[in-house]
Every structure is written in C-alpha cells, then in structure tokens.
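Engineer:
In the numbering used here, the protein residues as written are 86 to 410.
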C-alpha cells in the first residue's frame, strides 16, 4: 500500500483501544477542518465527542469494525438501508465514482461525464475490483437522479472545485502530505474540464447506477433523510466506521465515511503500487471527495482517523488493553 494519506495522531494521543478479531486497534481523531466554508485562517480545534476510554467488541462504544470481505465497496452516505447498514469499505459515490473522478483529475476523462463513468466501470471490471453503489427511496422513479449525491451532483461538484479551489487545495494538502504539486495538477485538470460545458450537459446519475445494477452489483435503496454531523476520513486498512455504532454514540446523528485506504488500494490495483499514476489518481479522488463535501455538507467538520491495527496473541492483547485503561 502506498499510504499516501496523513496518518498523524492528534495532540490528544491515542484515544481509543479496541480488540477486533486478532487485532488490537489503537486509534485517534484529528480535526483537520471546521468545514469547507470555514475561514482559511481558522485553526481547527475540538475533540471528538465523548472521546477517551478503552472499548472492546463486547463493550459499549467501539466505532471501527473490520470490513466484511464478502461485500463490495459502497458510498460514504450515512443513511441506512431497511434500517441497517453493512460493514463495507466506503468512498464518495463508491469505487465507480472515485475512479471516474480520478480519470478527470488525471486529464484522462471521456468526452462526457457519463462516458467517463462507463470507462470507470469497464476498468473496474477489467481488474476484477468488487464495487457497488446505491439508490435512495426519494428517487426510485426519477429518470435522471439515482439518489447518490456524489454521482448525481457531479456537475456541481466539479464547479465547486473551481469555486472553492483555495479551501479544497488547503485541505487536500493536509490529507495528502508532500503532494502539493499533484493537488495543483488535479485541480487544474478538473478546472479545465469544467470549462467544457458539453462534458456534463446531459449528465445522468440514474444511468450510472442502472449500469452498476445490470453488472450484477449490490445497489441497495437507502431510506430516510440525511442527518450527518461529521465527515470521517479513515486510514486504518481493512477497517471502516460502523455507522450504526456512530449513530448511537452521536445521539441519532449520522456520519459520512471515507475509507482513504480503500481509495489507495484501488489506485494501486489499477495503476501499480508506488507509481506516479497511482499517486495522481489517489490525490484526484481526494480532491473530488472534498468537492462533494463542499456541495453536500460544506459546514461539517472533517476528521482524520489514524492509528494502527496490530496483530497480537490473546495474552499480548490483554496487556495492551490493560495498559491503555
């Protein structure tokens, strides 16, 4: 894994320790932005709600959980499907949207946004990457919208990169250390694409999700309204945020979840581990995630979840947990 993402724990140190399978996770939260609408001069301050303590899977309050490897990846959306959520890796709009965004940010877009999505699907199929998507109840019969904001609102997200270039650049650089040139290049390529009005003139999110479904992918129908209060960027490989646990912990509020390691994993599968192309693709995905945030939830704080998942014997695990108590 290239691990191009930031992995620095915040000044509070390790806030959570938990057991999962044979791993002991030690992880913390760093507030990297008070929101895309926050002043550029504002220094992010704050502590994750109810932070601190030691949690285990048979206790109360654990937030991370191992990804179910039998499942495809999904979207960062915080809403449930039929009252429940599954533990699959999450990125904005799912892998198809992430790869389409990478192609645009790398200057490799198709003639239209929908053609770019088609190319992204073909690429994922070629490399046998298990991807998925979603619809929502409010748009089940809509001929244009699928109910996935990252896909449906791509035209607005691309425009948001132009309109919020400084804020998005600043936050992308915080999330992608030592990548200033790549961030600038991606934003420049996105900006050039926005200048071509024909690119998104006939954008249709419904077609994208219909194509996913025809390919045999899991496309659940999400229900209810959005109630997200935070955007969580998780860097711990093989784990994701249990959004149901987060909802309980946050008194009914939801969270958007972006598993940065999943984007990195997809980039390396498509373009090769440690390659320049993989780095360009990853940074482009991050820029697009922030653009989606600027459209859907510009006021929400952005948190980085970082730490480690270490394989221990049961005796070692008990010692780590006791030491953290």
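The C-beta atom is built at its ideal place from N, Cα and C for all residues, glycine as well.
1) So, do the region 178 to 185 and the region 342 to 353 have three or more beta carbon pairs nearer to each other than 8 angstroms?
2) Classify residue 225: buried if its beta carbon has 16 or more other beta carbons within 10 angstroms, exposed otherwise.
3) I'd like to check one pair, residue 184 with residue 260: are the Cβ atoms closer than 8 angstroms?
4) Who are the near neighbours of residue 363 in its chain, counting only those whose CB is closer than 7 angstroms to its CB and skipping five residues on each side?
5) Buried or exposed, going by whether 16 or more other CB atoms sit within 10 Å of the CB of residue 305?
6) With a Cβ-Cβ cutoff of 8 angstroms, do residue 308 and residue 165 count as a contact?
7) Where does residue 342 land, buried or exposed, given buried means 16+ other C-beta within 10 angstroms?
8) Where are the alpha helix (DSSP H) runs, 4 residues long or more, that stay fully inside the region 269 to 348, in chain order?
9) For residue 393 and residue 255, I'd like the C-alpha separation in whole angstroms.
10) Taking all protein chains shown into account, decide if residue 359 is buried (16 or more other Cβ within 10 angstroms of its Cβ) or exposed.
11) Which residue's Cα is closest to the Cα of residue 369: 267, 117, 287 and 330?
12) List the whole-angstrom C-beta distance separating residue 246 from residue 372, where the pair is believed to meet the contact cut-off of C-beta under 8 angstroms.
13) Using DSSP with H/G/I as helix, E/B as strand and the rest coil, what is residue 173?
14) Should residue 260 be listed as close to the ligand COA, given that the test is whether its C-beta is under 7 angstroms from any heavy atom?
15) What residue range does the alpha helix (DSSP H) around residue 248 cover?
16) For residue 105, which of helix, strand or coil comes out of DSSP?
17) Answer with buried or exposed for residue 95, where buried requires no fewer than 16 other C-beta atoms within 10 angstroms of its C-beta.
18) Pairs of beta-carbons, one from the region 377 to 393 and one from the region 264 to 279, closer than 8 angstroms: are there three or more?
19) In this structure, how does DSSP classify residue 156 when only helix, strand and coil are distinguished?
20) Among the residues of its own chain, which have a CB less than 7 angstroms from the CB of residue 122, if the five just before and after it don't count?
21) Sorted by chain position, which residues of the same chain lie with C-beta nearer than 6 angstroms to residue 303's C-beta, five sequence neighbours on each side aside?
22) For residue 118, which residues does DSSP report across the bridge?
23) Within its chain, find whatever has a CB closer than 6 angstroms to the CB of residue 329; leave out the 5 residues flanking it on each side and keep chain order.
24) Find out if the Cβ-Cβ distance for the pair residue 220, residue 294 is shorter than 8 angstroms.
25) Roughly how many whole angstroms lie between the Cα atoms of residue 161 and residue 300?
Structural biologist: The short version:
1) yes
2) Indexing the chain shown from 1 puts residue 225 at position 140. It counts as exposed.
3) By one-based count along the chain shown, residue 260 stands at place 175. By one-based count along the chain shown, residue 184 stands at place 99. Cβ atoms of residue 260 and residue 184: not closer than 8 angstroms.
4) Locating residue 363 in the chain shown gives position 278, where the first residue counts as 1. These residues qualify, in order along the chain: 87, 352, 353, 356 and 357.
5) Your numbering for residue 305 matches position 220 in the chain shown. Flag for residue 305 reads buried.
6) For the purposes of this step, residue 308 is taken as the residue at position 223 of the chain shown. For the purposes of this step, residue 165 is taken as the residue at position 80 of the chain shown. In contact: residue 308 and residue 165 (Cβ atoms closer than 8 angstroms).
7) Counting from 1 along the chain shown, the entry for residue 342 is found at position 257. Buried.
8) 290 to 299 and 328 to 334
9) Translated into the one-based positions of the chain shown, residue 393 becomes position 308. Translated into the one-based positions of the chain shown, residue 255 becomes position 170. Cα to Cα, residue 393 sits roughly 26 angstroms from residue 255.
10) The residue given as residue 359 occupies position 274 in the chain shown. Label assigned to residue 359: exposed.
11) Within the chain shown, the letter at position 284 stands for residue 369. Here the closest residue by C-alpha is 267.
12) Indexing the chain shown from 1 puts residue 246 at position 161. Indexing the chain shown from 1 puts residue 372 at position 287. Sure, about 7 angstroms apart at Cβ, within 8 angstroms.
13) In the chain shown, the residue the question calls residue 173 occupies position 88. Reduced to three states, the DSSP call for residue 173 is coil.
14) Absence of the ligand COA is noted for the structure shown, with no ligands found whatsoever.
15) Here the question's residue 248 lines up with position 163 in the chain shown. Residue 248 -> alpha helix (DSSP H) spans 239 to 248.
16) Residue 105 sits at position 20 when you count from the first residue of the chain shown. Residue 105: strand per DSSP, three-state reduction.
17) Counting from 1 along the chain shown, the entry for residue 95 is found at position 10. Residue placement at residue 95 is poorly supported in this model, since its pLDDT is 47, which falls under 50; the coordinates are not used for a value here.
18) no
19) For the purposes of this step, residue 156 is taken as the residue at position 71 of the chain shown. Coil at residue 156, not helix or strand.
20) Here residue 122 refers to the residue found at position 37 of the chain shown. Only 383 and 384 meet the Cβ criterion.
21) As a first step, residue 303 must be located in the chain shown, where it is residue number 218. Closer than 6 angstroms at Cβ, skipping near neighbours: 157 and 217.
22) Taking the first residue of the chain shown as 1, we reach residue 118 at position 33. Beta-bridge pairing links residue 118 to 387.
23) Sequence index remark: in the chain shown, residue 329 carries index 244 (1-based). Taken in chain order, the residues that qualify are 170.
24) For the purposes of this step, residue 220 is taken as residue 135 along the chain shown, with counting starting at 1. For the purposes of this step, residue 294 is taken as residue 209 along the chain shown, with counting starting at 1. Against a cut-off of 8 angstroms, the Cβ pair of residue 294 and residue 220 comes out as a contact.
25) Here residue 161 refers to the residue found at position 76 of the chain shown. Here residue 300 refers to the residue found at position 215 of the chain shown. Distance between the alpha carbons of residue 161 and residue 300: 21 angstroms.
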